[in-house]
Amino acid sequence: MSSVMARLARQDEVQKTTNDQLAALVAALTAPDGQTSRSQQIRRRLFNTNPTATGADHVSDDSEPNEALLADALPAGPDLTTIRELAELKLSLQQMGEKIHQVTSAAPQIESVLAATSRIPFTRALTSVQLGKIEKLRLPEYKPGGDPVEHMTAFNIAMARARLPNDERDAGYCQMFVETLHEQALTWFSQLEENSIGCFRDLSAAFLKTYIMFTKRSATASSLWNLNQTKDQSLRDYMEKFKAVVSRIDIPDGIAIDALRNTLWVRSKFREDLYQNPTTSLQDAIA
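Going by the working numbering, the sequence shown opens with residue 831, and the numbers climb by one from there.
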């Protein structure tokens, strides 16, 4: 950052020197010639603004000045061209100065953003661990709103395939877990206090503490009995809902099958089949 500021300071010095040189050149080119400046002479010849002009010199009509008058009135080609080039150069330098000002004004904000994005909450002991090669894993993704417990479970299952040695486990798990965070969850991680995470347990606890509100409520047996297949609801759609609830409940298969029979639509052929061909295995019933 210091090198950028030094470079901008040098640009300011170059711009100031160039402006001083331009001012001197413009003053020399527009210096008075006799009693009147050359620009005044041109203006008077073109528009008859000379207060001492006689009636014979006055242009009585509104026609434009003829070519002879323009040729006599305008300054030599090189002088006019030089003035235009100087004006364009000065405008360019002014625009450059504005851009330099914008860069210098934004420098503190850029510095703040860089500091925030490079901050890591891991302790030095954790970041100093040299990890071996980790095979490519298919890790779950987490976005705020998802169930954090389900995410932690899926992550631990995936990481078990990495077979990290004990001395690399915490560092490896922390590093890979951060890669599963997306959107505001990644922002949350970057805002954790420095040196606050010394192991994967610390990171897991901080994660669950923040997103525990999104944990799905535990289901009970009554949750199954509260289900009900409507007349217009497809069997596939209802069974997906039933499976989602029963997977979160630890109840005997017989009770789950009984709940399934009683919550299906009364004219369902599947319900009729469950009564005609009873089974004691929930897996067989919902397969």
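No residue lacks a Cβ here, since even glycine has one placed at the ideal position from N, Cα and C.
Taking the alpha helix (DSSP H) that residue i belongs to, which residues open and close that run?
i     : result
M1069 : L1065 to V1076
V1008 : N996 to V1008
A1089 : D1083 to T1093
T1109 : Taken as a continuous stretch (DSSP letters only), T1109 belongs to no alpha helix (DSSP H), as it is neither H nor E.
F985  : P978 to M989
L1033 : F1030 to Y1041
R954  : R954 to T957
A992  : Per DSSP, A992 belongs to no alpha helix (DSSP H) and is neither H nor E.
F1019 : Q1014 to S1020
A1051 : A1051 to W1055
Any chance the CB of residue i is under 7 Å from a heavy atom of the ligand GDP?
i    : result
K929 : The ligand GDP is not part of the structure shown, which contains no ligands of any sort.
Closest to residue i by CA distance: which of the options is it?
i     : options                      : result
S1077 : E980, K966 and A990          : E980
E998  : S922, C1029, R1091 and R949  : C1029
Q1021 : F1100, Q924, D1000 and F952  : F952
K966  : E1009, Y1041 and A1074       : E1009
K846  : R914, K920, T912 and I913    : K920
R1127 : A1036, Q1063, N996 and I1027 : Because the chain spans 831 through 1117 in this model, residue 1127 falls outside it and cannot be assessed.
E1023 : E1013, A1036 and H1012       : A1036
Please classify residue i as buried or exposed, where buried requires at least 16 neighbouring CB atoms within 10 angstroms.
i     : result
I1116 : exposed
T1017 : exposed
A1001 : buried
S890  : Caution applies to S890, whose pLDDT of 45 falls short of 50 and renders its modelled position unreliable; the value that the coordinates give is listed next. So S890 counts as exposed.
I987  : exposed
A901  : Because A901 sits at a pLDDT of 48, beneath the cut-off of 50, its placement in the model cannot be relied upon, and the following sentence gives the value as read from the coordinates. It counts as exposed.
I need the straight-line Cα distance from residue i to residue j, nearest angstrom please.
i     : j     : result
P970  : E843  : 55 Å
D977  : A1015 : 13 Å
W1055 : I1087 : 11 Å
R1097 : R1091 : 11 Å
M1006 : M1043 : 23 Å
L961  : Y1105 : 58 Å
R1066 : A1074 : 12 Å
R954  : G975  : 31 Å
F877  : I913  : Its pLDDT being 48, under 50, F877 is placed unreliably by the model, and nothing is read from it.
S958  : K1071 : 47 Å
Q1113 : T983  : 23 Å
F985  : Y972  : 10 Å
S1034 : K963  : 23 Å
Q1057 : N1025 : It should be pointed out that residue 1057 corresponds to Leu in this sequence rather than to Gln. Distance between the alpha carbons of L1057 and N1025 is about 48 Å.
L1038 : H1012 : 15 Å
P1108 : D1062 : 25 Å
N996  : D1032 : 17 Å
N880  : E918  : With a pLDDT of only 49 at N880, under the threshold of 50, the placement of this residue in the model should not be trusted, and no figure is reported.
Excluding the five sequence neighbours on either side, which residues of its own chain have a C-beta within less than 8 Å of the C-beta of residue i, listed in chain order?
i     : result
A1051 : I1079, I1081, I1085 and A1089
T1131 : No information on residue 1131 is available, as it lies outside the stretch 831 to 1117 that the chain covers here.
L956  : D1000, A1001, C1004, I1027, G1028 and C1029
Near residue i, what residues of its chain come up, given a Cβ to Cβ distance below 7 Å and the 5 sequence neighbours on each side ignored?
i     : result
L1094 : Q1059, F1100 and R1101
Y1003 : M989 and F1030
T1045 : D977, P978 and V979
R991  : L967
T1040 : W1018
D1103 : none
Q865  : Low local confidence applies: a pLDDT of 45 at Q865 is under 50, so the model's placement there is unreliable, and no value is given.
A898  : Confidence at A898 is low in this model, with a pLDDT of 49, below 50, so the placement of that residue is unreliable and no value is reported for it.
L994  : G1002
Near residue i, what residues of its chain come up, given a Cβ to Cβ distance below 6 Å and the 5 sequence neighbours on each side ignored?
i     : result
S1053 : V1075
Y1068 : Q1059
Taking 8 Å as the CB-CB cut-off, is residue i touching chain B?
i    : result
A917 : The question asks about chain B, but that chain is absent: this structure has only one protein chain.
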